[in-house]
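K.L.:
The structure that follows is given in the form of structure tokens.
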Amino acid sequence: MTAPPPSAPPCSSPPPCFSYEELADRVLDGAFGPDPRTQRIAVAFTTRQAVRHDGRSGGYRNEVLSLRLGEAVGSCAVEPGALPDEAIDTCVGADVARLLRHELTPVRIAALDAYLLRMLPHTSASGARPQPLAAGTSLEKSRARAESVAGLLGPEPGRTVLVVGVVNSLLEALRSRGLDYVACDLKGGTTEWGEPVVTDALAHLDRCDAVLASGMTLGNGTFEPLREHALRHGKQLVMFAQTGSAILPRFLGAGVTAVCAEPYPFFWLDGGPGLIHCYGGHYGGPA
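Shown next, in the form of structure tokens:
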């Protein structure tokens, strides 16, 4: 990503936000850069994916809404088929301020993500640590990302981690570190190892010592309760974020302890080398 526009005020270390609404309001007030009413979305698109890795018994589907603002692409994952086809038409040419008040949550999140990514790209000035992903198959790259994400929790075996948004590679990385987990996903079902997947994350918070959550929680309304619980009880909350990769670092110090940020294009789109960005946590590189 290139540097923010010259008109943007210095904002490499803005104070943390204590709610999504507070963050959106600060953007609308110009706290992070130019008036969002002057920033227009040039391109809107969706990405749909179905995957079943070699050696895995099951597969899954992804759908992501992405909005391009200058050189930045903000994204929000949605449940496959849930986004109306006309949604992208309402985004093209619209200013960010208008989209931050859009009726559809994924549009609001993708617009905020695009704006913040343009103003605060993932650089060392913003607190990000780049972590290369080597070229490889989708499973190899998934496992490499998982090692980086799990590394943000730190080397403390024996703890129980609530994993919100089941990715089998992440569960595999936790298992290799001697960490127990409760797997949670709105889809339910079972993990690759036949373990039940619970569907209500909030009901299982008290039995877990730390939380590892997908950025998709921004879109389904569960992020704020997770953040508030972590802040109130002093628990680790590590986010792995394709959705809201530029949003979630703004909550470091306000409940979020670490973020693995992965803006578009995501690791599953390309077999070549890639890059993720780590914030906070106990990161020591892949095991």
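Using full-length UniProt numbering, the first residue of the sequence shown is number 1, and each one after it goes up by one. Cβ coordinates follow ideal geometry from the N, Cα and C atoms, glycine included. These figures come from a predicted structure and were not determined experimentally.
Take every Cβ of the segment 99-109, pair it with every Cβ of the segment 62-82, and state whether three or more of those distances are shorter than 8 Å.
P.N.:
Contact holds: three or more Cβ-Cβ distances are below 8 Å.
K.L.:
According to DSSP, simplified to helix, strand and coil, what is residue 260?
P.N.:
Of the three classes helix, strand and coil, the one that applies to residue 260 here is strand, per DSSP.
K.L.:
Please determine whether the Cβ atom of residue 21 lies at a distance below 8 Å from any heavy atom of the ligand FMN.
P.N.:
Inclusion of the ligand FMN in the displayed structure is not the case, the ligand content being empty and no account of it being possible.
K.L.:
Return the CA-CA distance between residue 24 and residue 169, expressed in angstroms with no decimal places.
P.N.:
For residue 24 and residue 169, the distance between alpha carbons rounds to 33 Å.
K.L.:
Please return the same chain residues whose Cβ sits closer than 8 Å to the Cβ of residue 161, not counting the five positions on each side in sequence.
P.N.:
Closer than 8 Å at the Cβ level, and outside the excluded window around residue 161, lie 153, 174, 179, 180, 181, 182, 208, 209, 210, 211, 212.
K.L.:
Where does residue 119 fall in DSSP's three states?
P.N.:
Residue 119 falls in the helix class under three-state DSSP.
K.L.:
With a threshold of 6 Å on Cβ separation, who are the neighbours of residue 66 within its own chain once the five nearest residues in sequence on each side are excluded?
P.N.:
45, 73, 75, 264, listed in sequence order.
K.L.:
Can the beta-carbon of residue 250 be found closer than 9 Å to that of residue 17?
P.N.:
Against a cut-off of 9 Å, the Cβ pair of residue 17 and residue 250 comes out as a contact.
K.L.:
Express the C-alpha separation of residue 140 and residue 269 in angstroms, rounding to a whole number.
P.N.:
So the alpha carbons of these two residues sit roughly 13 Å apart.
K.L.:
So, helix, strand or coil for residue 75, using DSSP?
P.N.:
Reduced to three states, the DSSP call for residue 75 is strand.
K.L.:
If you count every other CB in all the chains shown that lies within 10 Å of the CB of residue 225, and 16 or more means buried, which is it?
P.N.:
So residue 225 ends up on the exposed side.
K.L.:
Please classify residue 86 as buried or exposed, where buried requires at least 16 other C-beta atoms within 10 Å of its C-beta.
P.N.:
Residue 86 should be labelled exposed.
K.L.:
Short of 6 Å in beta carbon distance, which residues of its chain neighbour residue 163, apart from the five on each side in sequence? Order them along the chain.
P.N.:
Hits under 6 Å: 181, 183, 212.
K.L.:
Quickly, what does DSSP pair residue 216 with across the bridge? List them, please.
P.N.:
DSSP, once it has assigned bridges, lists no residue as partnering residue 216.
K.L.:
Which of the three DSSP states, helix, strand or coil, is assigned to residue 66?
P.N.:
Here residue 66 sits in strand by DSSP.
K.L.:
Could you tell me the boundaries of the beta strand (DSSP E) in which residue 240 lies?
P.N.:
Residues 236-241.
K.L.:
At which residues does the beta strand (DSSP E) containing residue 45 begin and terminate?
P.N.:
Where residue 45 is concerned, the enclosing beta strand (DSSP E) stretches over 43-51.
K.L.:
Would you say residue 48 and residue 80 are within 9 Å of each other, going by their C-beta atoms?
P.N.:
In this structure, residue 80 lies closer than 9 Å to residue 48 by Cβ.
K.L.:
Going by CA-CA distance only, name the one from 61, 156, 194 that's closest to residue 177.
P.N.:
For the residues 61, 156, 194, the minimum Cα distance to residue 177 belongs to 156.
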